[in-house]
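Novice: For reference, the structure I am asking about is given below.
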Amino acid sequence: MSDGDVWISQAMHFTTTNKPLTSDIREERNQDFLQAGELKSKGLPIPEDLLARKLFANTPRPIKSLPHFFRAGGYHIVSQTLANILRDFDLGETRLHPIEIYQFDRKTLVDGKFELLSIGERKHSFLPEFSEGASRSYGEDYDIWELPGTVKDDMFSVSSAALSGPDLWMETPRLPRYFFLSGRLVEALEKAKIAKSLLLHRCRVLAAN
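Shown next as structure tokens:
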């Protein structure tokens, strides 16, 4: 692995990463929740007052453990272990905020410490014309793309512009359901043995003509 590598994560896309939790802001301030969702879909920073501070289990079945990355209540949540690694890298406008996660009784905290990941950086490096299986989501009139569910390394391509700037970013609005990571960040995640939770695949980096 080298600093010249770029990786794409499917963790935002797969339903297996979605956990049955609801957020305080969705219940108490739904309009703010919708505004935060709109900003997130555009890859823009979300103000702290629009972010959840608490998550609650939707079912009485006890939560025994949670992965290092998951989706819940409309947000992306990471373990404190993953959050601490991310802080060692260039995050740009991406922010991490502590969040409390409760069992169904709304009194008992779930074991572990977690943080809400608000990705506020985007680049324009994804190359759909050089990406295997990439297709337009809404027809030829819209530059919005989706990728196949079954993937492998080097199926998707980005330009060398991906090598500059923050180590974690999205490619919205062109590719709204994925995020990307630099090779140096993935190397740190591999060393910590938590990279698998992000469902990562290496991209091809193509030099500009």
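With this note's numbering applied, the sequence shown corresponds to residues 5 to 213, in that order.
From the three backbone atoms N, C-alpha and C, an ideal C-beta is built for every residue, glycine too.
Please read all numbers here as calculations on a predicted model, not as lab measurements.
(1) For the alpha helix (DSSP H) containing T19, name the first residue and the last one.
(2) Where does V10 sit, in a helix, a strand or coil, going by DSSP?
(3) Take every Cβ of the region 21-40, pair it with every Cβ of the region 62-79, and state whether three or more of those distances are shorter than 8 Å.
(4) Need the endpoints of the beta strand (DSSP E) that E133 sits in, please.
(5) Considering only residues of the same chain and omitting the five flanking positions on each side of R126, which have a CB-CB separation below 6 Å?
(6) L151 lies in the alpha helix (DSSP H); which residues open and close that run?
(7) Closest to G137 by CA distance: which of D145, T19, T154, K111 is it?
(8) Could you check where the beta strand (DSSP E) with E97 kicks off and where it finishes?
(9) Have a look at L25 and L100 and give me their C-alpha separation to the nearest angstrom.
(10) Comparing alpha-carbon positions, which option in L131, P71, I148, P132 lies nearest F118?
(11) Return yes when the Cβ of G187 is within less than 9 Å of the Cβ of G8, no when it is not.
(12) Just the C-alpha distance for E194 and F37, rounded to the nearest angstrom, thanks.
(13) Write down the C-beta distance between R215 and M16 rounded to the nearest angstrom, noting that I regard them as a contact closer than 8 Å.
(14) Hey, would you say K253 sits closer than 9 Å to I123, going by beta carbons?
(15) Apply the 10 Å Cβ neighbour rule to D109 and answer buried if 16 or more other Cβ atoms are within range, or exposed otherwise.
(16) Is it true that the CB of F183 sits closer than 9 Å to the CB of I12?
Specialist: Answer, in terms of the structure:
(1) Taken as a continuous stretch (DSSP letters only), T19 belongs to no alpha helix (DSSP H), as it is neither H nor E.
(2) strand
(3) yes
(4) That residue, E133, is in no beta strand (DSSP E); it is neither H nor E in DSSP.
(5) G47, W173, M174, T176
(6) Where L151 is concerned, there is no enclosing alpha helix (DSSP H), given that its DSSP letter is neither H nor E.
(7) T154
(8) Careful: E97 lies outside any beta strand (DSSP E) and carries neither H nor E.
(9) 19 Å
(10) P71
(11) yes
(12) 34 Å
(13) The displayed coordinates of the chain run from 5 to 213. Any statement about residue 215 would go beyond what the structure contains.
(14) This structure leaves residue 253 out entirely; the chain is present only between 5 and 213.
(15) exposed
(16) yes
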